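**Q** Remember, the numbering used here sits 3 above the position in the sequence shown when you count from 1.
Here a beta-carbon is modelled for each residue, glycine too, at the ideal position from N, C-alpha and C.
Small disclaimer: the values here were computed from a predicted structure and weren't measured.
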Amino acid sequence: MATERAIRCGQARGQFTFTDPCPLRLRMWGEGWNVRYVPDDIRSRLYRDPAPEVLDLIDVATYVYAADRMVGRGSPADVRFGPNWRRRLCFRVPVRKPDLWGQPAVRQDLEAVLSFMSEDTYEFEFEHYSDPPAAQRYMVFTGPGADREPDEVVLFSGGLDSVAGAVREVVAERKSVALVGHRPSGAVAPRQAELIRLLSARAAHRPLLLPVRVNIRRGLGRESTQRSRTFLYASLGAAFAAALGRDRLRFYENGITSHNFPLAGSVVGARASRSTHPRVIAGLTRFFTRLIGRSFTVENPFQTFTKTGVVREILAAGCGETIRHTVSCSFPRRQRAGKPHCGVCSQCVDRRFAVLAAGAEAFDPEDGYRVPLVTGERAGAAPRTMLSVYVQTATRVETETPVGFFGRYGEAARSLRYLGAKPDAAAVGVLELYRDHAREVTRVVDAETARHAAALRRGELPPSCLVRLVCDATQAGSDRVAPAPEPPAGENMFRRSGRAWEARFAGGRRFVVLRSVGATYLHHLLSRPDVPIPAAELVCLESGEAGRIGLGDAGEVLDDEARRAYRDCHRERYEELAGERDEARRNNDSGRLEKAQHELEALAGELVTAGALGGRVRRACDDRDRLRKAVGNAIRRVVTEIGDDDKAFATHLSPPRLTCGASPCYRPGQPITWEL
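1. So, does the stretch 128-139 touch the stretch 219-235, judging by three or more C-beta pairs under 8 Å?
2. Helix, strand or coil, according to DSSP, for V271 in the structure here?
3. Mind checking C348: buried by the 16 CB within 10 Å criterion, or exposed?
4. Based on Cα-Cα distance, which residue from P405, T445, E414 lies nearest to G432?
5. Keeping to the same chain, check which residues put their C-beta closer than 6 Å to that of G617; ignore five residues upstream and five downstream.
6. Mind checking who M496 pairs with in its DSSP beta bridge?
7. I'd like the list of long-range same chain contacts for A522, defined as Cβ closer than 6 Å, with 5 residues on each side in sequence excluded.
8. Please state if the CB of R76 and the CB of W88 are separated by a distance shorter than 9 Å.
9. Please classify W36 as buried or exposed, where buried requires at least 16 other C-beta atoms within 10 Å of its C-beta.
10. Could you check if P24 is buried or exposed, using at least 16 other CB atoms within 10 Å of its CB as the buried criterion?
11. What separation, rounded to the nearest whole angstrom, lies between the Cα atoms of M120 and N303?
12. Compare the C-alpha of D649 against each of N495, G346, T398 and name the closest.
13. Give every residue of the same chain whose Cβ lies closer than 8 Å to the Cβ of G184, excluding the five residues on either side of it in the sequence, and list them in chain order.
14. Between F308 and the rest of its own chain, which residues show a CB-CB distance below 7 Å, the 5 nearest in sequence each way excluded?
15. Classify R177: buried if its beta carbon has 16 or more other beta carbons within 10 angstroms, exposed otherwise.
16. Would you mind stating whether C283 and V116 have Cβ atoms separated by less than 9 Å?
17. What residue range does the alpha helix (DSSP H) around I219 cover?
18. Short of 6 Å in beta carbon distance, which residues of its chain neighbour F299, apart from the five on each side in sequence? Order them along the chain.
19. Which one of S418, A357, R446, V180 has the shortest CA to CA distance from A285?
20. So, for G672: in the same chain, excluding its five sequence neighbours on each side, which residues have a beta-carbon less than 7 Å away from its beta-carbon?
21. For R682, report the span of its beta strand (DSSP E) as first-last.
22. Whole beta strand (DSSP E) runs in the stretch 230-309 with 3 or more residues, listed along the chain?
23. Between the C-alpha atoms of P136 and S238, what's the straight-line distance to the nearest angstrom?
24. If you draw a straight line from the C-alpha of A245 to the C-alpha of V400, how long is it?
25. Looking at A363 and T398, is the spacing between their C-beta atoms short of 9 Å?
26. Run through DSSP, which three-state label would T445 get?
27. Does the distance from the CB of T279 to the CB of V166 come in under 9 Å?
28. Hey, would you say F366 sits closer than 9 Å to R327, going by beta carbons?
29. Suppose you measure from the CA of G346 to the CA of Y393; what does that come to, to the nearest Å?
30. Excluding the five sequence neighbours on either side, which residues of its own chain have a C-beta within less than 7 Å of the C-beta of L390, listed in chain order?
31. In angstroms, rounded to a whole number, what distance separates the CA positions of L294 and G423?
32. Suppose you measure from the CA of R387 to the CA of C474; what does that come to, to the nearest Å?
33. By DSSP's criteria, E126 is part of a beta bridge. Which residues make up the other side?
34. Going by DSSP, name the residue or residues bridged to E226.
35. By alpha-carbon positions, which one of V301, T124, L92, T325 ends up nearest to L198?
36. Is the CB-CB distance between L182 and A241 below 9 Å?
In structure tokens:
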């Protein structure tokens with residue numbers, strides 16, 4: 004059972020859609036505060052008065068971040084997704100512009116990006132903010148501090164990737180840049196100040212640092228994953244960009260981290276960072292554009308970079324000295340004097356491999372890590388397993404086929420629809436990015452194994468260090484039974500391969516179909532030829548909630564579990580349509596723009612009436628038709644995707660063999676054997 008919490012923010016007094024005997028109360032201001040928002044004294048007169056909706060955005064993002072910290076989920080020992088990992092978080096927030104925030108499309112965009120970012124379910128209700136604080140409580144601009152208006156607004160954490168982005172903007176491209184930083188604690192300030200000093204020494208224009216301190220009262224933290232921190236970070240960036248008259252915000256993070264590639268078995272889904280996942284970037288762009296009321300873009304220029312490529316960017320600009328002042332560790336509380344990196348978390352492992360692969364050891368001393376990557380002893384099973392799997396994954400990916408890669412690592416395929424290219428071209432680019440990363444890791448392993456060969460032979464290295472883990476695993480593997488061969492490919496195939504689908508028709512080429520609800524519906528239909536399956540049953544089968552939907556003319560359409568499945572079914576299409584709309588707007592394609600906008604508005608209304616945006620599900624005789632259309636559209640979309648790889652297969656999956664309607668059915672007409 005997922006954790007469910009009602010969260011009452013500030014002055015909010017309205018009712019929630021479910022009963023929580025003890026709602027979480029969050030307060031940013033006044034007596035009884037438990038959430039702190041403190042902007043630094045920013046020396047610049049280059050700003051515009053923040054609009055009310057921008058101040059609301061800061062409130063909403065701060066409350067979301069605080070709730071994420073204060074509502075726990077699965078423990079660190081829960082390697083796989085336990086029943087408490089995903090949470091349902093229901094907010095009531097007072098805002099200055101409740102009519103804007105209450106629009107179904109605005110709320111849907113907000114909930115969609117947060118839900119994907121953290122793999123929680125978010126629901127929002129908004130009410131009028133009767134006595135909001137003055138704008139000066141959010142942004143304190145007190146005088147001149149920059150010599151010209153900023154060309155760009157860039158998020159700046161002080162980590163390796165964000166510093167590399169600042170180096171590119173400020174040093175390599177000679178731009179005037181505003182750097183927006185979130186400081187969860189005062190300990191970050193000296194490090195950021197030193198980085199600004201180093202950047203300014205090589206810059207044509209001194210960067211303007213805009214730091215904000217956001218945290219919760221000591222002792223209230225229950226959850227350390229902080230997957231919503233990115234939303235807070237981006238919202239602060241968007242707010243300051245709007246105040247500075249800019250219409251673009253830039254994240255800088257390497258593509259391996261952005262694509263959410265599971266480099267270790269326990270680092271999957273939202274447990275790996277989704278901070279700059281292409282779907283998140285697209286979702287933030289849509290949400291900020293709709294909220295602010297004008298075109299606003301969020302970008303990640305390092306989307307095609309490995310971590311090693313990020314380090315090389317810093318070296319190429321002659322800024323290697325900044326590396327030692329960056330911190331990438333997931334556990335800042337474990338820092339010790341002179342050792343800012345724990346050396347065992349996934350971010351420290353990523354960083355150290357990248358530094359070694361780029362030849363930048365001189366700027367990142369090994370003694371800055373509590374546990375050195377190559378020869379350090381790792382206490383406990385989890386750090387040893389993570390490092391071992393990290394190297395094994397790189398070794399496998401180095402020679403993985405496209406079908407094998409996307410079948411085994413389905414999480415990587417989730418970004419393909421958001422990269423601005425056809426899925427097959429995007430897939431090639433993503434696979435090459437991962438292969439580059441894999442080659443960088445394996446070259447470091449090979450070089451370090453050779454360098455420490457004598458110590459290894461003499462037995463001087465601890466058994467849990469990188470070199471021993473790799474060599475011992477190789478020796479142990481020689482006595483193991485060979486893994487089971489891959490199942491043979493039938494003439495006709497549509498079978499699950501990891502988190503994607505492997506497809507083939509009439510002995511043709513094998514190819515990958517990306518994960519989607521439509522692909523799951525199609526699999527069920529192929530599994531039961533000549534058997535009509537009601538649309539409601541397909542939704543339940545896809546969500547794992549078989550039998551939970553009832554569609555009587557006088558009864559409720561969906562219970563709570565099925566309603567969430569129905570919403571998730573639509574969310575993917577909603578985001579695809581939003582991407583089509585944005586592309587049409589950029590290309591001045593008025594016909595396509597009008598069509599996408601019309602379908603978006605209809606879908607947003609459909610989500611409201613189906614209860615997907617909160618409240619009770621309506622009773623109406625047209626609920627069957629609404630569900631029928633949703634399922635049919637999902638099936639047709641996957642058939643179109645199949646047609647991009649195999650036109651004959653797509654033709655086979657057309658009427659009269661494959662029909663949609665109230666009870667979709669696959670009728671092949673003659674016996675056909677499917678490998679499913």
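**A** Considering the structure as presented:
1. no
2. Because V271 carries a pLDDT of 45, less than 50, the predicted location of this residue cannot be relied on, and the following value inherits that uncertainty. In the structure shown, V271 sits in coil (DSSP, three-state: anything other than H, G, I, E or B).
3. buried
4. P405
5. In this predicted model, G617 has a pLDDT of only 44, less than 50, meaning its place in the structure is not dependable; the value taken from the coordinates is given anyway. These residues qualify, in order along the chain: T20, E126.
6. R507, E678
7. W504, V516, V641
8. yes
9. exposed
10. exposed
11. 16 Å
12. N495
13. L158, F159, S160, G161, V191, Q195, L212, L213, P214, V215
14. N257, G258
15. exposed
16. Note that residue 283 is Val in the sequence shown here, rather than Cys. In this structure, V116 lies closer than 9 Å to V283 by Cβ.
17. Counting along the chain, I219 falls outside any alpha helix (DSSP H), though it belongs to the beta strand (DSSP E) covering 211-219.
18. D250, F291, T292
19. S418
20. R660
21. Outside the shown range of the chain, which is 4 to 679, sits residue 682, and nothing can be said about it.
22. 251-253, 300-302
23. 18 Å
24. 42 Å
25. no
26. helix
27. no
28. yes
29. 14 Å
30. V352, R381, L469, L472
31. 23 Å
32. 13 Å
33. C93
34. For E226, which the question treats as bridged, DSSP gives no partner whatsoever.
35. T325
36. no
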